[in-house]
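A.B. asks: Numbering (our numbering), first residue to last: 770 to 849.
Every residue gets a Cβ at the ideal spot worked out from N, C-alpha and C, and that includes glycine.
Just so we're clear, the structure is a prediction, and the values are computed from it rather than from any experiment.
(1) Is residue 821 buried or exposed, if buried means 16 or more other CB atoms sit within 10 Å of its CB?
(2) From residue 815 to residue 823, what distance separates their C-alpha atoms?
(3) Taking only three categories from DSSP, how would you classify residue 797?
(4) Measuring alpha carbon to alpha carbon, tell me which of 811, 846 and 800 ends up nearest residue 830.
(5) Can you tell which of 809, 825, 804 and 807 has its C-alpha closest to the C-alpha of residue 838?
(6) Could you check where the alpha helix (DSSP H) with residue 835 kicks off and where it finishes?
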C-alpha cells in the first residue's frame, strides 16, 4: 500500500494498488479513480451518460479481467 494525499482534504489516504474486483473498497486506487473521473466530468457540466461511460472506462482499465457487461453494475454503487 502507498500513501497518497487527497488534494481536497490534504490528508493522507491509504491506497491499495491492486484489489480483487469484488472487494474494491473506497481506499482502492480503482475506486478513487472511478469516482474522481465521474465527479470531475459532472462538475464540468457533462451529461450523466457521458460521465458514467467515462467511469466505466476507468474501471475497465483498472480491471481488464472483469467482463465489460458487468462493469456498470460494479460501479453503480460507487457513484452518487
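C.D. replies: The answer reads as follows:
(1) If you number the chain shown from 1, residue 821 lands on position 52. Note on residue 821: 16 or more other CB atoms within 10 angstroms of its CB, so buried under the neighbour-count rule.
(2) On the chain shown, position 46 is the one that residue 815 refers to. On the chain shown, position 54 is the one that residue 823 refers to. Whole-angstrom Cα-Cα distance: 10 Å.
(3) Locating residue 797 in the chain shown gives position 28, where the first residue counts as 1. Here residue 797 sits in strand by DSSP.
(4) As a working note, residue 830 is residue 61 in the chain shown. Minimum Cα distance to residue 830 is reached at 800.
(5) Within the chain shown, numbered from 1, the residue matching residue 838 stands at position 69. Of the listed residues, the one whose Cα sits closest to residue 838 is 825.
(6) Locating residue 835 in the chain shown gives position 66, where the first residue counts as 1. Annotation: residue 835 is outside any alpha helix (DSSP H) and is labelled neither H nor E by DSSP.
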